[in-house]
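Beneath this line is the structure, given in structure tokens, with notes to follow.
Numbering (my numbering), first residue to last: 108 to 237.
Set out below in structure tokens:
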């Protein structure tokens with residue numbers, strides 16, 4: 108009986124650990140925090156990312172990309188309305204854009220973006236400009 112209780116307890120613990128470690132979306136951009144709100148570069152700890160303060164609430168990301176290969180997997184190089192290129196998260200709906208952003212500076216999942224490498228069928232998370 109004790110052995111059964113221990114076995115069930117161990118299985119439950121392993122299940123909880125597995126669920127806790129799963130980020131729900133295996134793409135690199137989400138793991139690296141692309142699109143997260145920030146106040147300074149110190150909030151964006153990943154290599155090549157900085158806090159882009161031209162966006163409301165800040166935006167942890169990569170500026171001046173040329174091609175998608177300059178961006179973490181799960182993001183793409185987009186030419187913004189300000190004429191600069193940024194790595195923006197790819198998305199299918201708005202909720203994907205705002206896992207790490209407060210409600211007052213939500214990004215939109217937009218199909219009306221200009222991808223640096225040309226037309227795609229994807230959408231990108233576009234943060235609001237300041």
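Cβ atoms here follow ideal geometry from the backbone N, Cα and C, with glycine treated the same way.
- Restricted to the region 178 to 208, the alpha helix (DSSP H) segments that are unbroken, complete and at least 4 residues in length are 201 to 204, listed in chain order.
- The alpha-carbon of residue 218 is positioned some 24 angstroms away from that of residue 156.
- In terms of Cα proximity to residue 221, the closest of 206, 184 and 166 is 184.
- Three or more pairs of CB atoms, one per stretch, sit closer than 8 angstroms, so the region 156 to 172 contacts the region 189 to 202.
- Residue 217: member of the beta strand (DSSP E) spanning 215 to 217, first to last residue.
- Judged by DSSP secondary structure, residue 231 falls within the beta strand (DSSP E) whose first and last residues are 230 to 233.
- C-alpha of residue 213 to C-alpha of residue 204: approximately 8 angstroms in a straight line.
- From the listed residues 209, 196 and 210, the smallest Cα separation to residue 231 is found for 196.
- When DSSP states are grouped into helix, strand and coil, residue 146 belongs to the coil group.
- Secondary structure of residue 176 (DSSP, three-state): helix.
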